[in-house]
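Structure first, then comments.
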Amino acid sequence: MLVCAVAIAWVRAQGVPVKTTGIPDAARLERMAARFAPTEIGADLSTLSDADRRVLAKLVEASKIIDGLFLRQVWAGNNAMLLDLVRDQSPIGRARLRYFLLNKGPWSRLDHNEVFVPGAPPKLAPANFYPDGASKAEVERWIQSLPEAERVGATGFFTVIRRAGNSFSLVPYNVEYQGELALAAARLREAAQLATEPTLKTFLTRRADAFLSNDYYASDVAWMELKGAIEPTIGPYEVYEDELFNYKAAFEAYVTVRDLAETAKLQKFAGELQDIENHLPIDPKYRNPRLGALAPIVVVNEIFAAGDGNRGVQTAAFNLPNDERVVREKGAKRVMLKNVQDAKFAKTLAPISKIVLASADQPSLSFEAFFTHIVVHELMHGLGPHSITAGGRQTTVRQELKETYSALEEAKADISALFAIQHLIDKGVLPKSFEGSLYTTFLASAFRSIRFGVNEAHGRGIAIQLNYLLDQRGVIVNADGTFVVNPDRVKEGVMGLTRDIMTIQAEGDYGKARALGERLGVVRPAVQRALDKLASVPVDIEPRFVTVDHF
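Rendered as structure tokens:
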């Protein structure tokens, strides 16, 4: 295996172990890939017009361009390696190609980023957002030396940092990715010309403009106001791939169509957000007395996903935009991918529950509880602290918590969703009978998520929650190794962790955030023993986008 010495030195300097166990052989690679169950993902387009179908086709074309752009964000060598793998027609070559496309690179995301393609270096925390070989401390010193206006750009979503002689320089996304973004913008403009729904036409036009200008505000607002059957999401959003600081946004795309009936059922939650915020178990000074006016919840069925929206474990829902300015002024939209959630529940959660839950609790597993928790999880991303004051400075939680932000934010959304649902049950918005399935389904789902790996934000976030609830006796391990919710303690544990995390966020306390993650963001022996029993259960799905074949 060829490994870059500079890369290994950088990884060791960060305290990350380097795997030197060798490249997986064909048999082991097949076992690794088998953890993702091939699953057909599609949607009913029978009610759409011919023009709408052509819009969807253009959106898929744009999304495929985004897919290639994301590959370059992950690693500068990804595109060249992909071409080499495409040319390799041997059985091991085909196996590597499949797993490469699933992971969007030569590192197995479920295995602490283990290298599985010869010639690939270890996966580095900066991805391709920062200069090769630059340490975190070196980049941070440079950022702090900048005037305030430039520092905002350096810590913002839409720039990369590159070498400039003995120093660094900022390069905006519209320059760094000029070729791909120009092509994607052209496809969006073609889709806009075909679109008959005015809000869709506006969004596609403004997002095409944003790809070329690097100013995403107007198109984010237009995305918030989308109406009609087609619900596209395309652009730079999530910061998980930037494991150095969680500053830089990765490109993703979701081409979906709305499920109007399910969307109508969930609108009642949007009207409860301010009341939930007003009752958060934190110091009242940390609550937001006036949330953004728009808080739509949209249920959709996925037709195609690309980039950061289709790598490794599949997204079941998302809460966007992430730009704190837009969230503060306009709120955020929660998009629920129902057909993806259906598939995950059937292929992973149901069989997991048969192994990790006590037999008496297994009948309490509920898709409604699973779906509702995901809905409220996404709602809770928009609640609690976002724009804060730390050290006398106006800043954001994301900027202050740096690389700890993503895992802690996922833990916050998860645990505070339980708090919020319980609040709605106590208030009478949801039936009291819902309480029984809520916590048991969450417990089973915790084992689903922790299998993603504690190096991944969602997996690490669930480890924090599970260990906290175990410590608080809200969850108990039975003598036979199964797990059970303790109804006398679980609510208190949920409230306590919600308070702890949101207070850390409100104070922008990086030290406490890091300490919490180091103490609780691990897999303890009792949990590991349960995970070991899940070897035959798929970890997630591998989507096969069958509707695209019918355009």
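Quick note on my numbering: the sequence shown kicks off at 171 and runs consecutively.
Beta carbons are placed, not taken as given, at the ideal position from N, Cα and C, and that holds for glycine.
Note that this is a predicted model, so its numbers are computed, not measured.
Check: Can H556 and T566 be called in contact, C-beta distance under 8 Å?; Outcome: yes
Check: Does the separation of the CB atoms of L667 and Y638 fall below 8 Å?; Outcome: yes
Check: Among K582, R257, R279 and A475, which residue has its Cα nearest to the Cα of I404?; Outcome: A475
Check: Return the CA-CA distance between V470 and Q314, expressed in angstroms with no decimal places.; Outcome: 42 Å
Check: With respect to the alpha helix (DSSP H) encompassing E411, which residues constitute its N-terminal and C-terminal limits?; Outcome: No alpha helix (DSSP H) contains E411, which DSSP labels as neither H nor E.
Check: Between R332 and P301, is the Cβ-Cβ spacing less than 8 Å?; Outcome: yes
Check: Please report how far the alpha carbon of K224 lies from the alpha carbon of L364, in whole angstroms.; Outcome: Per the sequence shown, the amino acid found at residue 224 is Arg instead of Lys. Those two C-alpha atoms are separated by around 7 Å.
Check: So, under 8 Å CB-CB, Q511 and I544 are touching, yes? Tell me the CB distance rounded to an integer number of Å.; Outcome: 6 Å
Check: For I620 versus L600, is the C-beta spacing smaller than 8 Å?; Outcome: no
Check: Helix, strand or coil for I452 per DSSP?; Outcome: coil
Check: Since A207 is in the alpha helix (DSSP H), which residue starts that stretch and which ends it?; Outcome: First-last for A207: F206 to I211, but that is the beta strand (DSSP E), not the alpha helix (DSSP H).
Check: Taking just the CA atoms, how far does N336 sit from L553?; Outcome: 42 Å
Check: Where do the N-terminal and C-terminal ends of the beta strand (DSSP E) with R563 fall, by residue?; Outcome: R563 to T566
Check: Please confirm if the region 409 to 425 is in contact with the region 438 to 448, defined as three or more CB-CB distances below 8 Å between the two stretches.; Outcome: no
Check: For L370, which residues of its own chain have a beta-carbon under 7 Å away from its beta-carbon, when the five flanking residues on both sides are left out?; Outcome: L396, G398 and I400
Check: Taking Cβ to Cβ, would you say A378 is nearer than 8 Å to A355?; Outcome: yes
Check: Does the region 200 to 218 come within contact of the region 504 to 521, defined as at least 3 CB pairs closer than 8 Å?; Outcome: yes
Check: Taking only runs that begin and end inside the region 659 to 684, name each unbroken alpha helix (DSSP H) of 4 or more residues, in chain order.; Outcome: 660 to 677
Check: Less than 8 Å separating the beta-carbons of G651 and A700?; Outcome: yes
Check: Any idea which residues DSSP pairs F338 with across the strands?; Outcome: R333
Check: Quick one: which unbroken alpha helix (DSSP H) runs of 4-plus residues sit fully inside the region 273 to 303? Chain order, please.; Outcome: none
Check: If I'm right that E367 touches Y424 with Cβ under 8 Å, what's the distance once you round it to whole angstroms?; Outcome: So it is not a contact: roughly 17 Å between Cβ atoms.
Check: My output table needs one value for K703: the three-state DSSP class, helix, strand or coil.; Outcome: coil
Check: On the CB-based measure, 16 or more other CB atoms within 10 Å of its CB, does L450 come out buried or exposed?; Outcome: buried
Check: According to DSSP, is F415 part of a helix, a strand, or is it coil?; Outcome: coil
Check: Looking only at its chain, what residues have a beta carbon closer than 6 Å to the beta carbon of A742, apart from the 5 residues adjacent to it on each side?; Outcome: In the structure as shown, the chain begins at 171 and stops at 721. Residue 742 is therefore absent and cannot be evaluated.
Check: By alpha-carbon positions, which one of V391, I634 and M672 ends up nearest to A502?; Outcome: V391
Check: For F537 versus E422, is the C-beta distance shorter than 8 Å?; Outcome: no
Check: By how many angstroms is the C-alpha of I632 removed from the C-alpha of R568?; Outcome: 19 Å
Check: For I525, verify whether its CB is less than 7 Å away from any heavy atom of the ligand FMN.; Outcome: For the structure depicted, the ligand FMN is absent and the ligand set is empty, with no information on it obtainable.
Check: Would you tell me roughly how many angstroms separate the C-alpha atoms of I525 and L704, rounded to the nearest one?; Outcome: 7 Å
Check: Can you grab the Cα-Cα spacing for the pair R694 / A362, in whole Å?; Outcome: 51 Å
Check: Below 8 Å between beta carbons: does that hold for R268 and A196?; Outcome: no
Check: Ordered along the chain, which non-local residues of its own chain (more than five positions away) have a Cβ less than 6 Å from that of R257?; Outcome: none
Check: Between the C-alpha atoms of K455 and L690, what's the straight-line distance to the nearest angstrom?; Outcome: 27 Å
Check: Of the residues F286, L340, R504 and K293, which one's Cα is nearest the Cα of W312?; Outcome: L340
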